[in-house]
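Below is one structure, written out as structure tokens; comments come after it.
2 protein chains.
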Amino acid sequence: MTVDREQVLRTAAALLSRKATATMDEVAKSAGIGRATLHRHFAGRDALVKALEELGIREFEAALDAARLDEGPAEDGLRRLVAEIEPAAGLLAFLVTENQLFEGAHVNEGWGRLDARVSAHFRRGQQQGEFRIDLTPAWLTEALYGLIGTGAWAVQDGRVAAKDFQYMIVELLLGGARRNVEQ
Amino acid sequence: MTVDREQVLRTAAALLSRKATATMDEVAKSAGIGRATLHRHFAGRDALVKALEELGIREFEAALDAARLDEGPAEDGLRRLVAEIEPAAGLLAFLVTENQLFEGAHVNEGWGRLDARVSAHFRRGQQQGEFRIDLTPAWLTEALYGLIGTGAWAVQDGRVAAKDFQYMIVELLLGGARRNVEQ
DNA sequence: CCCGAATGAGACAATCATGTCTCGCCACAG
DNA sequence: CTGTGGCGAGACATGATTGTCTCATTCGGG
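Protein sequences appear in the order of chains A and B. Start counting the first sequence at 354; every next residue gets the next number (this note's numbering). Start counting the second sequence at 354; every next residue gets the next number (this note's numbering).
Structural data, given as structure tokens:
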């Protein structure tokens, strides 16, 4: 009988990533619960978005841990990271575009930690000669976020097959569109 | 004394791309006009977004024309396209995330035309051996949109220098992050 | 079996954005 | 100089969303 808070959050993320202006009532309906119950668990819309933000940060951090970025070649680490992040891609796509989160007085410090870890990985790849040094780690980090979001939308809308999600993102991010003659 | 409709649209685009939920009053204020005047020119919020959509489509199409994609190597055409699109990047970033535009009954057919032209360019590049064939033209098109939007945000937030906008996008999209030994 | 906790449905007021209106002002053309 | 058209400010009603509350119901543990 008790509501599964985690499940509600995941349903809300799926809905909001498609329709960011969805009503609290729509969120509740999509989760199969009443609006009153939704309010019992999340004080209001802000609290719901905040909870989604924290869930997204947790999942991203878990993906970073699971990817073991410091082991082996940086390229392989990036592949593992994208693979680990795929289930949370829709949620992250929503959070990245929810710029309301980034205009308030105090931004959740979790994003800073995530940015630092991802940037550090790109920097390590550059120092080890795997990655180009003319693209800044900050930009590569942003581009990774952007491509994950774009990929999530493209899959949701059927423009890209779900099974190709990881491959398309990683291959584009690592190798680009240009064909290399020796390959 | 007469309001410059085009200028209002550009100001609105700049504001809405940062804060998608901005009020009609905020849009009016940011354009330096009264809310009543804004309503005289755009019947309502929907009409405003619709006008922004058509402006974005016009600018994108103008950029496609100016880029002369069918001339010379596909890679050079892509560089010209990104250069031409830069001024409209913020507007496009807003429109792409305004998924309200794509859930209604009839989606503006302009997007289909744009997608077709961009996809065709990537396909030509593949057929001429310039681009990889394991990344679909549809995905490359989506990725281009995504990177343009990501780049626009990164510049707005100061995470990437404005002068690097074109270079970062084109180099990542074409060459990827991996360092090629022979280069 | 019984009781309590949690839920769903709905009523309710408050808030906010919207759309429309009026009124006074000002610039510019005639 | 005068009239007219466009504008800004603001009032107003409306509709939608939100947040809170009550009440009946149901599930599950003791």
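Yeah, the Cβ is synthetic: ideal placement off N, Cα and C, and Gly gets one too. Everything numeric in this text was worked out from a predicted model, so none of it was measured.
What's the gap between the Cα of residue i and the Cα of residue j?
i               : j               : result
G463 of chain A : I410 of chain A : 6 Å
Q536 of chain B : Q479 of chain A : Annotation note: pLDDT 48 at Q536 of chain B (below 50); position unreliable, coordinate value reported separately. Computed Cα separation, rounded: 15 Å.
A396 of chain A : G387 of chain A : 14 Å
L405 of chain B : R432 of chain B : 25 Å
K403 of chain A : A384 of chain A : 18 Å
R476 of chain A : H459 of chain B : 46 Å
A442 of chain B : V356 of chain B : 24 Å
P440 of chain B : A365 of chain B : 15 Å
E524 of chain B : R485 of chain A : 10 Å
F413 of chain B : T503 of chain A : 19 Å
A507 of chain B : L401 of chain B : 25 Å
Y520 of chain A : W492 of chain A : 20 Å
A469 of chain B : F455 of chain B : 17 Å
Q418 of chain B : A446 of chain B : The displayed chain sequence assigns Asp, not Gln, to residue 418 of chain B. Those two C-alpha atoms are separated by around 20 Å.
N461 of chain A : A373 of chain B : 20 Å
T390 of chain A : S472 of chain A : 40 Å
A505 of chain B : D423 of chain A : 31 Å
L444 of chain A : R531 of chain A : 30 Å
A496 of chain B : V449 of chain B : 12 Å
V380 of chain B : Q360 of chain A : 37 Å
I501 of chain B : L527 of chain A : 18 Å
Y498 of chain A : D517 of chain B : 18 Å
A415 of chain A : K382 of chain B : 43 Å
D487 of chain A : G529 of chain B : 11 Å
S370 of chain A : N533 of chain A : 36 Å
D429 of chain B : Q453 of chain A : 38 Å
L362 of chain A : H474 of chain A : 30 Å
A367 of chain B : E451 of chain B : 14 Å
V427 of chain A : T494 of chain B : For the record, residue 427 of chain A in the displayed sequence is Ala; it is not Val. Cα to Cα, the separation comes out at about 27 Å.
A436 of chain A : D378 of chain B : 44 Å
D306 of chain A : Q509 of chain A : It is not possible to answer for residue 306 of chain A, since the shown part of chain A is limited to 354 through 536.
Would you decide whether residue i is buried or exposed? Buried here means 16 or more other CB atoms lie within 10 Å of its CB.
i               : result
R358 of chain A : exposed
G482 of chain B : exposed
R421 of chain A : exposed
I438 of chain A : buried
I522 of chain B : buried
T376 of chain A : exposed
R393 of chain B : exposed
E407 of chain B : exposed
G465 of chain B : exposed
A514 of chain B : exposed
G511 of chain B : exposed
P490 of chain A : buried
G425 of chain A : exposed
Tell me whether residue i sits in a helix, a strand or coil according to DSSP, three-state version.
i               : result
R512 of chain A : coil
F332 of chain B : The displayed coordinates of chain B run from 354 to 536. Any statement about residue 332 of chain B would go beyond what the structure contains.
F395 of chain A : coil
I438 of chain B : helix
A389 of chain B : helix
E451 of chain A : coil
A367 of chain A : helix
A373 of chain B : coil
L422 of chain B : coil
V460 of chain A : coil
V361 of chain B : helix
V356 of chain A : coil
Is the closest heavy atom of the ligand FMN to the C-beta of residue i under 7 Å?
i               : result
E407 of chain B : Questions concerning the ligand FMN fall outside what the structure shown contains, since it holds no ligand whatsoever.
Residues of the stretch 394 to 406 of chain A with a CB closer than 9 Å to any CB of chain B: list them in chain order, please.
Under the 9 Å Cβ criterion, the stretch 394 to 406 of chain A contributes no residue.
Between the stretch 490 to 502 of chain A and chain B, which residues of the former have CB atoms less than 8 Å from a CB of the latter, in chain order?
Within the stretch 490 to 502 of chain A, contact with chain B at the beta-carbon level (separation under 8 Å) is assigned to A491, W492, L493, E495, A496, Y498, G499, L500, G502.
Inside the stretch 465 to 532 of chain A only - alpha helix (DSSP H) runs reaching at least 4 residues
Correct list: 490 to 509, 518 to 528.
Can you list, in chain order, the residues of the stretch 412 to 430 of chain B whose Cβ is nearer than 8 Å to any Cβ on chain A?
Shown in chain order are the members of the stretch 412 to 430 of chain B whose Cβ falls below 8 Å from a Cβ of chain A: E428.
Using a Cβ-Cβ cutoff of 7 Å, what residues of the stretch 511 to 530 of chain A are near chain B? List them in chain order.
Those would be R512, V513, M521, E524, L525, L526, L527, G528, G529, A530, in chain order.
Chain-ordered residues of the stretch 371 to 389 of chain A with a beta carbon less than 8 Å from chain B:
Of all residues in the stretch 371 to 389 of chain A, R371, K372, A373, T374 have a Cβ within less than 8 Å of some Cβ in chain B.
Return the residues of the stretch 471 to 487 of chain B that lie within a Cβ-Cβ distance of less than 9 Å from chain A, sorted by chain order.
Those residues of the stretch 471 to 487 of chain B that come within reach of chain A (Cβ to Cβ, closer than 9 Å) are F475, G478, Q479, G482, E483, F484, R485, I486, D487.
Taking beta-carbon pairs under 8 Å, can you tell me which members of the stretch 441 to 452 of chain B lie near chain A?
Look at the stretch 441 to 452 of chain B: the residues with a C-beta under 8 Å from a C-beta of chain A are T450, N452.
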